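Scroll down for the structure; my scribbles are underneath it.
2 protein chains.
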Amino acid sequence: MVIDCHGHYTTAPKELQAFRDDQIAALKDPAQARPKTLASITDDQLRESVKPQLTFQTDRGTDVTIFSPRASAMAHHIGDAETSLDWSRHCNDLIHRVCALFPKNFVGVCQLPQTPGAPLANCVDELERCVNELGFIGCNLNPDPSGGHWTAPPLTDRFWYPFYEKMVELDVPAMVHVSASCNPNFHATGAHYLNADTTAFMQFLQSDLFKDFPTLRMIIPHGGGAVPYHWGRYRGLAQDLKRPLLTDLIRDNVFFDTCVYHQPGIDLLLKVVPADNILFGSEMVGAVRGIDPETGHYYDDTKRYVDQAAIGAADRRKILEDNTRKVYPRIAALVAAEV
Amino acid sequence: MVIDCHGHYTTAPKELQAFRDDQIAALKDPAQARPKTLASITDDQLRESVKPQLTFQTDRGTDVTIFSPRASAMAHHIGDAETSLDWSRHCNDLIHRVCALFPKNFVGVCQLPQTPGAPLANCVDELERCVNELGFIGCNLNPDPSGGHWTAPPLTDRFWYPFYEKMVELDVPAMVHVSASCNPNFHATGAHYLNADTTAFMQFLQSDLFKDFPTLRMIIPHGGGAVPYHWGRYRGLAQDLKRPLLTDLIRDNVFFDTCVYHQPGIDLLLKVVPADNILFGSEMVGAVRGIDPETGHYYDDTKRYVDQAAIGAADRRKILEDNTRKVYPRIAALVAAEV
């Protein structure tokens with residue numbers, strides 16, 4: 030079985046964006062009532078909307094996608110805590126409906142109602158609702174809800190601890206995933222995403238977060254940003270800073286996905302990062318949608334790269350399935366392992 | 030001949046830091062007069078101070094280092110335009126003295142007196158002074174003088190054009206290099222530096238800057254941040270955004286150094302980026318100072334990695350010398366090519 034740990038619902042029916050547009054319009058004109066209800070979306074609309082994902086699963090030979098709301102649309106910098114809560118709940122509810130329609134193909138991960146400067150109580154509640162009521166198995170945690178201004182404390186700050194306590198209690202991991210950038214310096218998928226990945230890793234390297242939370246698990250997406258390419262730099266920085274070896278630092282707590290869109294990048298990732306810390310992911314349908322003229326295949330068909338990498342069958346199996354089951358243990362109740 | 034395009038004066042005599050400390054103390058207490066003069070530093074002190082760099086040149090088999098003030102100490106976010114101008118001039122003057130003492134070993138590149146929100150007139154003047162009066166051959170340009178808050182316009186904004194006009198007129202390149210981070214999210218050498226590299230590349234990808242300045246040349250240090258590792262992602266983004274091929278986009282204008290501190294990283298860089306766009310650099314004495322227990326050699330001894338990479342002699346020569354001469358043409362008057 031092949032589990033893709035990183036898929037976003039980038040193809041939701043237009044009613045979802047219409048709700049968001051209404052929300053933003055109401056923010057600009059306080060005389061307008063804030064919209065609360067999403068227009069009716071039928072099951073047929075939902076089925077139609079995920080055809081691209083289902084087709085890619087079939088064409089690429091993957092089975093299950095860990096599925097979350099569109100990351101760039103989380104946009105936690107827009108509005109206030111109420112805005113973010115309403116928006117997150119609708120986005121998560123739609124993910125839940127898709128997972129209920131296609132329980133063999135999708136397992137849910139939630140967006141969190143983060144807001145710059147706001148406490149994390151809403152996030153704790155929404156995580157609990159999504160896990161306990163909707164059957165979700167993890168969350169996407171935004172280290173920069175300001176959208177490119179980086180005003181939140183580092184992920185290793187005690188500010189985040191109440192949320193981590195809930196994650197540990199529910200035994201669910203977080204993918205560290207920023208959203209859109211409202212800073213003109215940062216293209217979202219071409220800079221902000223990768224910068225956040227790099228930043229989070231270095232924060233983890235500097236701190237004893239995982240001594241405080243030995244079972245806390247974080248996935249750093251997009252192949253870990255710049256980290257594997259600069260693995261020597263990080264090994265050297267850890268050494269200069271009298272920190273543990275990188276492999277010990279990350280062992281049970283930090284994982285990279287395989288959202289790297291060319292063979293040399295995947296080869297590097299698999300060469301330097303322990304196989305136990307890599308989860309198969311593609312980010313489809315997502316950041317890059319084209320076909321690579323050098324290969325004739327989609328850039329984000331990352332399974333091809335993993336298949337062609339010079340690794341043994343045992344490591345490949347870990348990356349394609351076993352590690353993801355270990356990091357997201359709640360998947361076991363939803364998707365049985367093949368025997 | 031081997032030219033290292035990326036060396037910083039991280040070993041300057043303590044008088045330089047004492048001046049900086051006085052500057053900062055005066056900022057905190059407006060009753061204090063701002064210091065203007067650096068305490069006397071003898072030539073012998075300067076000779077002693079660069080012994081580490083000279084030893085590394087000998088031990089590693091490199092000849093000339095393109096030498097600039099300590100990048101993390103530029104700290105453009107401290108004080109105001111006057112602070113930054115005084116500090117930059119002293120730092121640049123010391124580089125000039127070192128280059129005069131060791132003209133075969135060091136060629137100067139300047140720090141710029143940038144300040145958040147300030148116009149670039151001081152930078153234009155200081156670049157002109159350093160090139161025309163001190164014989165410098167380039168500059169380090171900070172895309173984020175705020176030190177991790179990213180409040181400046183993107184490097185492709187017309188804000189920067191007066192400075193680019195002067196660079197083109199003088200025929201000198203800029204290394205895009207941030208300084209210290211005052212944002213607790215970003216470790217300087219472990220996150221902020223690499224993020225800035227990634228960010229700058231994506232800005233260049235999105236814009237027609239090099240149509241406006243066909244001879245403008247930018248070096249992206251630290252192996253290009255996350256870019257070569259995500260070369261497929263960038264090829265795909267360029268395609269989705271209807272931009273030219275990456276190799277055409279960067280051809281005469283964007284270059285990466287080799288400050289990547291392990292063999293697999295250098296191998297990836299040399300595999301995906303055209304050899305014409307890579308300049309040898311080590312960042313010594315710099316970000317990582319230890320010895321890699323896996324190799325028994327310094328992490329930042331990047332010449333070893335280039336020597337061991339699977340490339341031909343012609344490409345190796347380009348990377349170790351010829352490309353740097355092309356990007357920094359003023360070096361020819363200072364360091365003759367071997368015949």
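Protein sequence lines correspond, in order, to chains U and S.
This note's numbering puts the first residue of the first sequence at 30, with every later residue one more than the last.
This note's numbering puts the first residue of the second sequence at 30, with every later residue one more than the last.
Just so it is clear, CB atoms sit at the ideal spot from N, CA and C, and this is done for glycine as well.
The model shown is predicted, which means the values in this text are computed figures rather than measured ones.
Query	Result
Residue from U/Cys159, U/Pro202, U/Asp88 with nearest C-alpha to U/Trp125	For clarity, residue 125 of chain U is His in the given sequence; the question names Trp instead. With distances taken between Cα atoms, U/His125 lies closest to U/Cys159.
Top-ranked residue by Cα proximity to S/Leu349, from S/Ala267, S/Ile95, S/Ala55, S/Lys65	S/Ile95
Neighbour flag for U/Lys271 against chain S, beta carbons, 8 Å	no
Residue burial classification, U/Gln74 (beta-carbon count within 10 angstroms, cutoff 16)	exposed
Contacts that U/Gln235 makes with chain S (C-beta to C-beta distance below 9 Å)	His216, Gly219
Contact check, S/Val301 vs U/Arg262, beta carbons under 8 Å	no
Close-in-space but distant-in-sequence residues of the same chain around S/Asp344 (CB under 8 Å, 5 per side omitted)	Leu299, Ala304
6 Å Cβ shell around S/Val31 - same chain, five flanking residues per side excluded	Thr91, Asp92, Leu349
Whole beta strand (DSSP E) elements within the stretch 124 to 185 of chain U, 3-residue minimum	135 to 137, 168 to 170
DSSP state of S/Asp281 mapped onto helix, strand, coil	coil
Distance CB(S/Ala209)-CB(S/Ala104) smaller than 8 Å	yes
Length of the line joining the Cα atoms of U/Lys133 and U/Thr353	16 Å
Minimum Cβ-Cβ distance from S/Ala55 to chain U less than 8 Å	no
Range covered by the beta strand (DSSP E) that runs through U/Ala203	203 to 205
8 Å Cβ cutoff met for U/Leu223 and U/His251	yes
Interfacial residues, the stretch 284 to 299 of chain S to chain U, with Cβ spacing under 7 Å	Val289, Tyr290, His291, Pro293, Gly294, Leu297
Beta-carbon contacts of U/Phe131 that lie in its chain and below 6 Å, excluding the five residues immediately before and after	none
Cutoff 8 Å: U/Leu106 Cβ touching any chain S Cβ	According to the sequence displayed, residue 106 of chain U carries His and not Leu. No, because no Cβ of chain S sits closer than 8 Å to the Cβ of U/His106.
S/Phe96 (DSSP reduced to helix, strand or coil)	strand
Endpoints, the alpha helix (DSSP H) within which S/Gly261 is located	260 to 269
Opening and closing residue of the beta strand (DSSP E) in which S/Ile248 lies	247 to 249
Identity of the residues DSSP links to U/His37 by a beta bridge	U/Ser97
S/His326 burial status per 10 Å Cβ neighbour count (16 or more: buried)	exposed
Option nearest U/Trp116 by Cα separation, candidates U/Gly164, U/Cys128, U/Pro81, U/Leu67	U/Leu67
Neighbour list for U/Met204 in chain S, Cβ cutoff strictly below 9 Å	In chain order: nothing, as chain S lies at least about 17 Å away.
Where U/Asp329 falls: helix, strand or coil (DSSP)	coil
Cβ-based neighbour list, S/Ser78, same chain, cut-off 7 Å, excluding 5 preceding and 5 following	Thr40, Ala41, Pro42
Closer than 8 Å to chain S by CB, U/Trp179	yes
Under 8 Å by beta carbon: chain S residues contacting U/His35	Ordered by position in chain S, no residue passes the 8 Å Cβ test against U/His35, which lies about 14 Å from the chain.
Under the three-state DSSP convention, the category U/Ile70 falls into	coil
Exposure of S/Gln143, with buried meaning 16 or more beta-carbon neighbours within 10 Å	buried
Short CB-CB distance (under 8 Å) between S/Leu349 and chain U	no
Host alpha helix (DSSP H) of U/Asp351 (start-end)	Per DSSP, U/Asp351 belongs to no alpha helix (DSSP H) and is neither H nor E.
Delimiting residues of the alpha helix (DSSP H) encompassing S/Val301	292 to 301
Contact between the stretch 215 to 231 of chain U and the stretch 225 to 240 of chain S (3+ Cβ pairs under 8 Å)	yes
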